[in-house]
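In this note's numbering, the protein residues as written are 517 to 653.
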């Protein structure tokens, strides 16, 4: 009999707002991992449109039918600090295009170097492509 470890993954982001693309990545991640923690990460360099509590509520609503998904927030420290604290060693990142991948790769390398955290990249569906959250509106 083979035993496989339970795989927990973190889907971090600002989720400001929660989009259909986020929901799609979350649903697909829930199929691939035993447990997914979707976590609102606070970035003091960004001004949010929605309060963290509202983002958490929207994520909980999006995950209602996903029994292996929990919702959390992290407002201090690095993503790897959160991963160490809760025992997660895989991070999920949705990428829309090569520009997203160029942005994400250095962070993925750093997370791996700092804490051995692996990054799982998944492509977002074409209908979910929109301007990056940091672009002017």
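Every residue, glycine too, gets a C-beta built ideally from N, C-alpha and C.
Whole angstroms are fine: how far does the CA of residue j sit from the CA of residue i?
i: residue 604; j: residue 637; result: 16 angstroms
i: residue 627; j: residue 618; result: 15 angstroms
i: residue 641; j: residue 589; result: 26 angstroms
i: residue 600; j: residue 558; result: 17 angstroms
i: residue 635; j: residue 624; result: 6 angstroms
i: residue 612; j: residue 621; result: 13 angstroms
i: residue 631; j: residue 545; result: 21 angstroms
i: residue 581; j: residue 543; result: 9 angstroms
Check whether the Cβ atoms of residue i and residue j lie closer than 8 angstroms to each other.
i: residue 607; j: residue 526; result: yes
i: residue 593; j: residue 541; result: no
i: residue 568; j: residue 556; result: yes
i: residue 534; j: residue 575; result: yes
When the Cα of residue i is compared with those of the options, which residue comes out closest?
i: residue 566; options: 586, 577, 532, 554; result: 532
i: residue 591; options: 522, 523, 582, 530; result: 530
i: residue 536; options: 578, 620, 552, 564; result: 578
i: residue 644; options: 596, 550, 563, 539; result: 539
i: residue 572; options: 585, 616, 602, 639; result: 585
Quick one: is residue i buried, meaning 16 or more other Cβ sit within 10 Å of its Cβ, or exposed?
i: residue 633; result: buried
i: residue 614; result: exposed
Kindly say whether residue i, judged by its beta-carbon, lies nearer than 8 angstroms to any beta-carbon of chain B.
i: residue 551; result: Judged by its chain identifiers, the structure shown contains no chain B, having just a single protein chain.
Counting only runs of 3+ residues fully inside the region 566-607, write out the beta strand (DSSP E) ranges in chain order.
-> 585-590
Would you list, in sequence order, the uninterrupted beta strand (DSSP E) runs of no fewer than 3 residues that lie entirely inside the region 612-638?
-> none
Write down every uninterrupted run of the beta strand (DSSP E) in the region 517-568 whose length is 3 residues or greater and which is fully enclosed by it, in chain order.
-> Those beta strand (DSSP E) runs which fall completely within the region 517-568 and span 3+ residues are 524-529, 551-557.
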